[in-house]
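Since the structure comes first, as structure tokens, the remarks are kept for the end.
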Amino acid sequence: MLSKSIKTIIAVLVAILLLFIAFKYLRGDDIPAEILETVGGGRVEVGRDIIVELNKINSVTLDDQIFRGESFLSFKDFTLEVVSETKGRSNPFAPFGSN
466 MLSKSIKTII AVLVAILLLF IAFKYLRGDD IPAEILETVG GGRVEVGRDI
516 IVELNKINSV TLDDQIFRGE SFLSFKDFTL EVVSETKGRS NPFAPFGSN
């Protein structure tokens, strides 16, 4: 069996280790100095990649000859006409007879 002084030393070492781990992982991360420093005041180009992609999309051209072709003109329109119906109750959740 371990003596009382050895148990105390082990307990203190474990407590120090736990405090170190808690301090290391539970505190906020430090921000590196290079992020905080402004160098040269250069112009920031925010969204440049979006503008490049938008220009690519704008440069796309579609050949409308496909809409004049025989196969496209042979399509049939199966659109159904929507019939207007009478309006329902003003409050559909009200009890019957209260309206």
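In my numbering, the protein residues as written are 466 to 564. For every residue, glycine included, the Cβ atom is placed at its ideal position computed from N, Cα and C.
Do you know offhand how far glycine 512's Cα is from leucine 484's?
One-based indexing of the sequence shown puts residue 512 at position 47. One-based indexing of the sequence shown puts residue 484 at position 19. Computed Cα separation, rounded: 44 Å.
DSSP three-state label for valine 479, please.
Working through the sequence shown from its first residue, we reach residue 479 at position 14. In the structure shown, valine 479 sits in a helix (DSSP, three-state: H, G or I).
Going straight from the alpha carbon of phenylalanine 540 to that of lysine 521, what length do you get?
As a working mapping, residue 540 is identified with position 75 in the sequence shown. As a working mapping, residue 521 is identified with position 56 in the sequence shown. Cα-Cα distance, rounded: 32 Å.
Return the CA-CA distance between serine 559 and leucine 545, expressed in angstroms with no decimal places.
Indexing the sequence shown from 1 puts residue 559 at position 94. Indexing the sequence shown from 1 puts residue 545 at position 80. With the sequence shown as reference, residue 559 is identified as alanine, and serine is not the correct amino acid for it. Cα to Cα, alanine 559 sits roughly 33 Å from leucine 545.
Given this structure, state the Cα-to-Cα distance separating serine 524 from glutamate 518, to the nearest angstrom.
The count along the sequence shown starts at 1 and reaches residue 524 at position 59. The count along the sequence shown starts at 1 and reaches residue 518 at position 53. Distance between the alpha carbons of serine 524 and glutamate 518: 10 Å.
Where the alpha helix (DSSP H) containing arginine 492 begins and where it ends:
Residue 492 sits at position 27 when you count from the first residue of the sequence shown. Careful: arginine 492 lies outside any alpha helix (DSSP H) and carries neither H nor E.
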